[in-house]
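Protein chains in written order, with our numbering: chain D, 23 to 295; chain P, 288 to 415; chain C, 5 to 301; chain S, 4 to 611. The beta carbon of each residue, even a glycine, is placed where N, CA and C say it ideally should be. Treat the numbers as computed from the prediction; the structure is a model and nothing was measured.
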Ligand code: HEA
Ligand code: HEA
Ligand code: CUA
Ligand SMILES: [Cu+2]
């Protein structure tokens with residue numbers, strides 16, 4: 023059984039779930055930073071608030087002062103808020119978002135996969151050795167072909183479908199500019215029916231899966247382990263149980279897992295329902 | 288939001304802006320001519336638009352631009368003359384300006400949002 | 005205890021209440037139709053296929069003239085009142101309302117034509133081929149396909165179409181309204197007699213062909229369910245039509261009660277006509293954009 | 004009638020015209036703004052309570068998934084059938100209640116209470132008008148609202164129950180659910196929107212046209228300003244949602260595909276529609292209203308507490324002009340921030356930069372408004388009566404809610420927080436201990452004006468302290484749940500993802516038992532919050548009959564015009580001619596005899 027962290031231990035973690043991705047560090051850092059700003063404002067104003075209530079209560083101050091507060095305190099506080107917000111925006115949020123959401127690694131440098139959401143399950147597809155996905159047509163989707171792949175397309179011959187609700191990625195150490203890191207993962211997200219949302223808290227990742235669109239996300243896992251993949255967008259009565267296990271494996275384990283799927287499938291695209 | 292400051296109006300100081308000269312019979316007679324003329328322009332504009340459809344302008348963008356231009360001119364005449372917008376009050380301009388601003392925001396930002404990557408449409412399964 | 009400025013304008017704003025009220029209301033109407041137009045643009049820009057040339061331009065043009073005429077007459081009716089000519093007010097107002105119902109009549113006719121006009125999608129390409137050849141002959145089929153490509157696009161846009169999706173247009177014998185593959189399935193109909201439309205540029209109707217329902221993938225009248233194009237066409241024009249109807253009813257009420265009002269409160273009556281007219285012009289204004297966007301482009 | 008600027012004051016408004024109009028005319032089909040305001044108020048309060056009860060059922064299910072609801076479980080089963088089999092809430096019912104809680108709270112409780120009820124009752128009084136500019140449209144507005152309410156209410160009892168797509172009703176989900184709840188929801192919404200539009204036109208026209216002589220823009224009470232801006236927001240932001248509602252209705256009823264893309268496969272079968280639509284289009288149109296709507300929820304509340312704070316500190320509001328300009332700025336900018344609810348729908352850097360910039364910009368006028376209100380306390384002589392207590396509590400509560408909007412407003416932190424309980428906590432802090440507290444404050448404050456009797460202070464203070472504690476115990480833990488990654492709209496309170504679920508053996512980020520235990524804690528706190536409302540309900544009804552009578556027409560000794568009428572105000576409001584000589588908050592003016600100088604009082608002789 024998993025050790026269950028106590029309230030205090032969790033508080034020490036900033037009440038955040040365990041982190042397992044690279045950009046997640048920045049996310050956590052950024053969240054912390056904003057909360058410091060918020061705390062400063064809150065404590066400052068709340069202190070002032072309590073003090074004025076006490077000092078200016080009717081019994082202590084029976085005659086109100088027509089002019090009230092003078093001086094620049096309030097203005098300065100406002101200007102400070104503006105400046106800090108501007109810094110957070112320009113210095114952090116915009117560039118970090120650009121990096122995390124837009125600057126994709128090249129396909130060849132990454133583990134590329136597709137994840138398809140449906141009521142109420144998740145399924146992944148790996149491109150196989152050739153690194154190319156087979157052609158897919160939504161209208162071919164049926165019981166035998168849950169993801170609608172064109173059987174005749176040779177590129178699809180070595181593709182592999184994961185079983186529903188069981189998605190694996192490998193953790194492959196690499197060096198980028200002499201720095202030790204891991205191979206990033208690119209996932210093309212889509213949905214067959216309604217809008218779902220792909221959320222892996224450990225990766226600090228959320229992205230809606232929208233039918234009729236394929237939206238790519240990328241992140242770099244940094245830890246092996248089993249993580250929860252949850253659906254964060256209301257998608258019907260099974261929304262609360264639309265989970266999947268998102269497993270980050272060592273390269274060997276991943277290969278083993280993938281090979282198992284491939285042999286079972288006889289090399290052809292196959293689902294495991 | 289429109290707010291013209293009516294500071295100068297102390298209590299009870301009414302001042303009539305002489306609204307009547309617009310409404311005198313002579314003035315109305317004159318505007319009637321204007322109305323008929325605008326009616327003519329609107330008919331003409333419609334004929335022009337339809338003619339353009341049969342003429343076949345080679346560029347799509349051009350077709351759209353010209354059609355919308357004619358429509359806007361017609362609309363301007365309706366609003367300006369029939370709806371007396373050309374000599375309406377500041378207050379109304381303010382309200383309409385806000386409206387137009389928000390409308391442009393709605394259309395413009397929505398269209399922009401739909402065309403900013405990394406979103407991609409799924410055409411036969413291949414993310415473009 | 006009366007509410008002020010119902011007749012005379014408030015000095016600092018220069019407006020009487022109802023006039024300000026109607027302009028505010030029109031501002032919200034601008035946003036309403038603006039929202040719908042935004043939807044139109046977005047859907048169209050994002051569409052793979054967009055039908056084109058599906059509406060009768062002469063009829064649409066005629067209706068545009070009708071509406072413009074009504075705009076002229078309504079402003080004339082107001083001007084007549086201002087000149088104190090009640091009789092000519094009544095004449096112009098009657099004309100306006102006549103135009104309104106004329107417009108609605110024409111529109112209903114257009115609707116009716118669409119509701120009895122059908123597209124059939126077949127279960128696969130070979131089946132489609134069979135029926136196209138049956139309707140238009142070997143050579144004609146290619147023509148029709150070519151026309152089909154044109155029909156779905158703006159002039160000169162490169163067309164890419166999926167051969168599976170080509171559809172046969174025409175009427176079902178007996179001109180039923182609102183039939184669809186779902187209603188056919190429900191009624192357990194086995195086959196339909198289909199009268200394909202004439203070939204492009206011709207007026208000869210091909211012979212009716214018999215189509216077993218089992219060959220049909222989808223069958224739809226030209227109703228909102230047919231395609232996004234018809235959906236937006238019907239939604240916007242129906243909403244516009246409701247505005248026409250509402251406006252006509254209000255103006256009709258003014259016309260019927262004209263004598264009473266004219267005696268009691270002529271100035272206020274003129275104001276009411278002005279306000280009603282403002283609404284009426286706005287409805288015209290919407291059509292001025294609607295017509296080119298939906299019929300022509 | 005002549006266009007004298009002072010027409011609306013006819014001394015002899017008099018009893019000659021005033022033949023007794025009969026019960027129906029005076030209470031049901033009244034065109035008097037005060038009666039309409041009270042109609043709105045009671046209907047909205049009933050819906051507020053109803054919305055709360057829906058949430059109590061849901062909270063039970065969150066805390067004890069699968070356990071029959073005590074007391075009401077059986078009733079639910081009897082009324083709604085299988086969706087509440089055995090008194091247990093099914094996910095369908097949970098989703099229906101969730102969607103309706105949101106819808107009812109926003110559109111049937113807070114907007115009608117904050118905008119329509121207070122606005123109707125107070126605004127004409129505050130500007131010295133005899134009534135709204137268009138009394139019959141005012142009545143139509145209430146009737147349209149009531150019709151919308153009935154449609155929404157009836158939808159619970161149709162087969163399949165009420166709408167289940169969340170209050171945001173995202174397509175395709177909303178269109179794909181086979182029951183008719185969504186259709187009812189859409190029809191109800193169209194009626195409610197129509198009602199708001201009629202109300203908005205009326206408010207704006209009234210404020211622009213019917214202000215008393217001398218009541219210039221910069222002498223207008225802040226409450227009226229807030230309502231004025233709110234009316235503009237409703238006027239211009241609601242129609243696109245009406246358009247969207249109509250489109251979704253056509254999708255639902257006529258089978259079109261405005262919001263349904265090609266190639267949908269639902270439950271393994273191709274979905275039989277033409278396709279070619281866009282799911283994101285709905286979201287844009289919805290949030291184009293949705294964001295301005297949240298300011299509709301908060302601005303009237305800010306207006307209410309400004310009045311109360313000025314009156315109970317006995318000094319002018321600090322920075323009245325900044326307040327006015329800020330509220331105008333908020334109203335204006337609120338139209339161009341909507342996509343911050345859509346950061347994670349696949350948004351690129353450019354567009355999300357635009358929207359997070361505007362989101363940060365809009366927080367600045369909010370900060371200014373709050374700062375002004377805080378600064379207004381300085382130098383005051385603060386009376387701690389019940390309305391003032393609620394108003395004071397509003398400040399830090401809104402502060403917490405507003406501040407936690409910031410991490411949501413930056414897309415990079417929203418990446419983790421989106422659709423988690425952090426969002427729930429954020430907005431409940433603004434709407435519940437924020438807006439609802441302000442509304443309570445307003446009720447306690449204007450009650451004497453409406454009835455001629457005070458509400459009971461002891462009950463009031465009990466209500467206040469219990470509510471304050473309850474609210475914080477309910478919503479504060481949700482921040483922690485959200486940070487830990489608990490998603491909203493979970494019909495089992497997240498049990499599927501918890502470590503307590505044996506299937507999650509070895510899963511590193513499954514919800515810990517602390518997070519799950521907080522669910523139970525919050526539910527207990529919600530019960531406390533419910534109990535806290537009992538004194539209030541008793542107070543509202545009892546005080547009508549045996550509350551302490553007011554000593555004068557102006558029981559709080561306030562300056563604005565709403566207090567310069569008889570109590571309760573008669574049909575036609577004012578018995579004397581109203582002319583305004585000064586700004587709205589002339590309290591404790593040096594040299595004046597009393598510590599308040601009403602707006603319509605000619606210059607008083609300096610006290611020697
Ligand atoms: C009245 C309602 C209201 C108000 C006023 C706000 C105000 C704000 N909101 Fe909120 N919001 C909602 C209601 C509201 N919101 C709702 C209902 C949702 C969820 C909808 C749904 O998905 O169902 C939501 C969701 C929501 C999101 C989307 C989150 C997501 O889904 O991922 C975002 C993101 O930007 C956001 C941001 C903001 C911001 C930046 C403000 C700013 O305007 C806040 C500005 C205020 C301040 C900055 C406070 C200033 C105060 C001080 C400086 C003094 C402090 C003193 C003390 C504390 C003593 N809100
Ligand atoms: C104005 C808006 C508003 C208000 C006031 C509230 C008030 C409350 N809300 Fe609500 N809530 C929403 C708007 C609101 N909510 C929305 C939009 C959602 C999202 C829905 C969705 O996901 O689609 C939501 C979702 C939501 C959730 C998340 C559900 C989920 O995601 O699964 C929860 C969970 O606890 C919750 C709880 C509460 C509680 C405990 C209150 C309490 O604060 C309630 C307190 C109520 C009172 C204090 C009322 C007192 C009134 C009276 C006593 C009346 C007296 C009558 C007379 C005198 C006649 N709400
Ligand atoms: Cu899928 Cu929620
Ligand atoms: Cu928002």
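- Within chain C, the residues placing a beta-carbon under 7 Å from that of residue 245/S are 36, ordered along the chain.
- If the five residues before and after residue 64/C are omitted, its C-beta is found closer than 7 Å to the C-beta atoms of 295 and 299, all from its own chain and listed in chain order.
- Using a Cβ-Cβ distance cut-off of 8 Å, the region 463 to 479 of chain S and the region 413 to 433 of chain S are in contact, since at least three pairs of beta carbons, one from each stretch, lie closer than that value.
- Not one heavy atom of ligand 4 lies closer than 8 Å to the C-beta of residue 431/S.
- Residue pairing by DSSP places residue 183/D opposite 147/D in a beta bridge.
- Under the rule that a run must span 4 or more residues, the alpha helix (DSSP H) segments found entirely inside the region 182 to 219 of chain S read 184 to 212.
- Residue 231/D sits in a strand when the DSSP states are folded into three classes.
- Residue 433/S is outside the set of residues whose beta carbon lies under 9 Å from a beta carbon in chain D.
- Chain-order list of chain D residues neighbouring residue 329/S: empty, with the shortest C-beta distance near 10 Å, by a criterion of under 7 Å.
- For residue 47/C, same chain residues with a beta-carbon under 8 Å away, outside a window of 5 residues either side, are 232 and 236 in chain order.
- For residue 31/D, the uninterrupted alpha helix (DSSP H) segment begins and ends at 29 to 34.
- Note: residue 248/D is bridge-paired with 269/D and 510/S in the DSSP secondary-structure output.
- With its beta carbon less than 9 Å from one in chain C, residue 389/P belongs to the interface.
- The Cβ atoms of residue 485/S and residue 514/S do not sit closer than 9 Å to each other.
- DSSP, reduced to helix, strand and coil, places residue 257/D outside both helices and strands of the structure shown, so it counts as coil.
- Membership of residue 58/D in the alpha helix (DSSP H) is indicated by the continuous run 44 to 77.
- Per DSSP, reduced to three states, the secondary structure at residue 167/S is coil, with no helix or strand assignment.
- Residue 199/D sits in coil when the DSSP states are folded into three classes, being neither helix nor strand.
- For the pair residue 287/S and residue 228/D, the CB atoms are not nearer than the 9 Å cut-off.
- With distances taken between CA atoms, residue 364/P lies nearest to 328/P out of 312/P, 319/P, 318/P and 328/P.
- Considered as a whole, the region 145 to 233 of chain C harbours 171 to 176, 195 to 200, 213 to 216 and 220 to 225 as its complete beta strand (DSSP E) runs of no fewer than 3 residues, in chain order.
- Inclusion of residue 193/S and residue 250/D in the CB contact set at 9 Å is not warranted, their separation being larger than that value.
- Proximity of chain S to residue 393/P at the Cβ level (cut-off 7 Å) is accounted for by 243 and 291, in chain order.
- For residue 258/S, the closest Cβ of chain C is nearer than 9 Å.
- Against chain C, a Cβ distance below 9 Å from residue 561/S picks out nothing, because the smallest value is about 24 Å.
- In terms of CA proximity to residue 120/D, 357/S leads the group 177/S, 491/S, 357/S and 160/S.
- Distance from residue 107/S to residue 54/S at the Cβ level is roughly 4 Å; contact confirmed, criterion being Cβ atoms closer than 8 Å.
- Taking C-beta separations shorter than 7 Å and ignoring five residues to either side along the sequence, residue 341/P has no partners in its chain.
- By the rule that beta-carbons nearer than 9 Å mark a contact, residue 60/S does not touch chain D.
- Inclusion of residue 19/C and residue 250/S in the CB contact set at 9 Å is not warranted, their separation being larger than that value.
- Taking the Cβ atoms as the reference, residue 208/C lies roughly 6 Å from residue 202/C, within the contact range of under 8 Å.
- Contact between the region 100 to 111 of chain C and the region 211 to 230 of chain C is not established, with fewer than three Cβ pairs separated by less than 8 Å.
- Assignment of residue 143/C by DSSP, reduced to helix, strand and coil, places it in the helix class.
- For residue 189/S, no chain C residue has a C-beta closer than 7 Å to its own C-beta; the minimum C-beta separation is roughly 13 Å.
- Residues of chain C whose Cβ lies closer than 9 Å to the Cβ of residue 133/S are, in chain order, 5, 6, 7 and 8.
- Here residue 583/S is buried, its C-beta having at least 16 other C-beta atoms within 10 Å.
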